[in-house]
Amino acid sequence: MRIHGRHWLSLAALLLLAAGCQAPPKDRPLTSEVPEPPAFAPPPESCLAEGVRFALGLRATQPLLEEMRQRSGARFARTVLSTDPPDPVLDPTRLNVRIEPSGRIVGASCQ
Numbered sequence: 757m758r759i760h761g762r763h764w765l766s767l768a769a770l771l772l773l774a775a776g777c778q779a780p781p782k783d784r785p786l787t788s789e790v791p792e793p794p795a796f797a798p799p800p801e802s803c804l805a806e807g808v809r810f811a812l813g814l815r816a817t818q819p820l821l822e823e824m825r826q827r828s829g830a831r832f833a834r835t836v837l838s839t840d841p842p843d844p845v846l847d848p849t850r851l852n853v854r855i856e857p858s859g860r861i862v863g864a865s866c867q
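This is the structure:
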């Protein structure tokens, strides 16, 4: 039995119509089975300058300062000249990296 072009078209239309009549997926009711959202770690309350001793004597660079900040747990790091007076504003989450005018790191503290 040969099927002509318009019969193919009718058959295709019938199949598309039948595919559109399928039942939609069942909605899932709201339950407590949904996992809790991830909890984020709170920012550190203070940094630990002991973790940056590896950098003493090295020349200060931006990648090195970022590594020091991460190892100490500080929120941010900054360089200060060793000859500058101490900053009166204390921030226990800030890493102060003391450098010589040549850029060599001579100390670090969290304040």
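The numbering of the sequence shown is our numbering, which starts it at 757 and goes up by one.
The C-beta atom is built at its ideal place from N, Cα and C for all residues, glycine as well.
Inter-residue Cα distance where the pair is residue i and residue j
i: Leu851; j: Glu792; result: 35 Å
i: Arg834; j: Glu789; result: 46 Å
i: Leu846; j: Ala795; result: 29 Å
i: Gln818; j: Asp840; result: 20 Å
i: Gly807; j: Glu823; result: 10 Å
i: Cys803; j: Ser858; result: 26 Å
i: His763; j: Ala774; result: 16 Å
i: Ser766; j: Leu772; result: 10 Å
i: Leu814; j: Pro842; result: 22 Å
i: Val862; j: Phe832; result: 18 Å
Residue i vs residue j beta-carbon contact at 7 Å
i: Ser838; j: Glu856; result: yes
i: Ala805; j: Cys866; result: yes
i: Arg854; j: Val836; result: yes
Buried or exposed (CB count within 10 angstroms, at least 16 for buried), residue i
i: Leu821; result: buried
i: Arg809; result: exposed
i: Ala769; result: exposed
i: Ala830; result: buried
i: Arg825; result: buried
i: Ala864; result: buried
Whole-number beta carbon distance between residue j and residue i, since they are thought to touch under 8 Å
i: Glu801; j: Pro848; result: 7 Å
Within the stretch 828 to 853, ranges of the alpha helix (DSSP H) (whole runs, at least 4 residues)
If we require 4 residues or more, the stretch 828 to 853 turns out to have no alpha helix (DSSP H) run fully inside it.
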